[in-house]
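**Q** If you count the sequence shown from 1, position 137 lands on 168 in the numbering used here, and the numbers rise without skipping.
Ideal placement from N, C-alpha and C gives every residue a C-beta, glycine not left out.
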Amino acid sequence: MQQAGSGDDDLKVAVLGATGRMGVAIIGLVAASTDLRLVGAATEPGHPRLGEDAGSVAGAGQLGVVLGDDPAAAVAGADVAIDFTTAAAVAGHLDACRQARCALVMGTTGLDAGHQRLLAAAGRDIPVVYGRNMSIGVLVFTELARVAARLLGADADIEVIEAHHRHKLDAPSGTALQLGEAVAAELGQRLEDIAVRDRFSTRGARRPGSIGFSSVRAGRIVGDHEILFALDEEILRLEHRALDRATFARGALRAARWTAGRAPGLYGMEEVLGLAAAAG
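#1: Just the Cα atoms here: how many angstroms apart are Leu67 and Ile189?
#2: Residue ranges of each beta strand (DSSP E) run of no fewer than 3 residues wholly in the segment 188-265, ordered along the chain?
#3: Which residue's Cα is closest to the Cα of Ala153: Met165, Val121 and Ala291?
#4: Taking 7 Å as the limit between beta carbons, can you name the residues of its chain near Thr117, skipping five residues before and five after?
#5: Would you say Leu60 and Arg281 are within 8 Å of each other, going by their C-beta atoms?
#6: What does a CB cutoff of less than 7 Å around Phe115 pick up in its chain, not counting 5 residues either side in sequence?
#7: Using CA atoms only, rank isn't needed, just tell me which of Cys128, Leu297 and Leu94 is closest to Ala106.
#8: Could you check where the alpha helix (DSSP H) with Asp39 kicks off and where it finishes?
#9: Spatial neighbours of Met300 within its chain, please: CB distance less than 6 Å, with the 5 preceding and 5 following residues excluded, ordered by chain position.
#10: Go through its chain and collect everything with a Cβ distance to Leu267's Cβ below 7 Å, but skip five positions before and after it.
#11: Since I believe Leu218 is in contact with Gly211 (beta carbons under 8 Å), could you give me their beta-carbon distance rounded to a whole number of angstroms?
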């Protein structure tokens, strides 16, 4: 099967984490597009399907791209790489993209302050789009949470509740933390100073001004997020539910297209969607 996008002007895409849930979804959408072409695909060493056609592994048919385990080789001929892997792989993937002068869309979650510094450093050489959640709906959801925090936050007890499939490794989810950071900023606080992630190890009443987090890991839940603003006489709930991983994959590809011709820098999905300019 020839890729739908196979012209000289196509944006050449490499997928890191090509055998994961998100990697499979992204490869399928790239194969079906008319302006993108898969040129590289990498997964973890020792994967049983190494050496096979990456399109076949993803259920998208033969695409003429061999699934490998070397990220540097995968990104060597790419305009942009899309990374949905693990935090442990991030440093190596950033180095590979910088060496290849390949833009990067980073969707891996569970990153710490050290990873954030690595992303910023890479942004001096290449365009890097980092998003804990690539869904357009989640970006709108986050903006609504900002408004609610601005209007209600000082008087409300705020809780973030998230649910994901049984295989998700990090908790709270990156999206939950993104929500918490957005709300904390509206309150003039740093999330790390007011977040409460554990109510089992200590007893006591709710700490005023805190933001609580609760996580559920069960079944095949794609991604549910809720933020609750509880006042004494009323409660406001904002909720986002992802019904299919394709929503994240489409957002990642939107970010990939956005990087074309972009100057080096560390960007967020807010810039990709124009929300940052609108907010300014």
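**A** The relevant details are as follows:
#1: Counting from 1 along the sequence shown, the entry for residue 67 is found at position 36. Counting from 1 along the sequence shown, the entry for residue 189 is found at position 158. If you take the alpha carbons of Leu67 and Ile189, they lie about 42 Å apart.
#2: 188-195, 242-248 and 254-261
#3: For the purposes of this step, residue 153 is taken as the residue at position 122 of the sequence shown. Among Met165, Val121 and Ala291, the Cα nearest to that of Ala153 is on Val121.
#4: By one-based count along the sequence shown, residue 117 stands at place 86. Cβ within range, chain order: Thr139.
#5: Residue mapping note: residue 60 aligns to position 29 of the sequence shown, counting from 1. Residue mapping note: residue 281 aligns to position 250 of the sequence shown, counting from 1. Contact: yes.
#6: Against the sequence shown, residue 115 aligns to sequence position 84. So the qualifying residues of the chain are Gly48, Gly51, Met53, Gly54, Gly138 and Thr139.
#7: As a working note, residue 106 is residue 75 in the sequence shown. As written in the sequence, residue 106 is Val, which differs from the Ala given in the question. Of the listed residues, the one whose Cα sits closest to Val106 is Cys128.
#8: What you label residue 39 is simply residue 8 of the sequence shown in a count that begins at 1. Unbroken run through Asp39: none, as it is neither H nor E.
#9: Indexing the sequence shown from 1 puts residue 300 at position 269. Answer for Met300: Gly162 and Leu170, listed in chain order.
#10: Counting from 1 along the sequence shown, the entry for residue 267 is found at position 236. Cβ neighbours of Leu267 beyond the five flanking positions: Ala179, Leu183 and Phe260.
#11: Taking the sequence shown and counting its residues from 1, the one referred to as residue 211 is at position 180. Taking the sequence shown and counting its residues from 1, the one referred to as residue 218 is at position 187. Their Cβ separation, rounded to whole angstroms, is 10 Å, which puts Gly211 and Leu218 out of contact at 8 Å.
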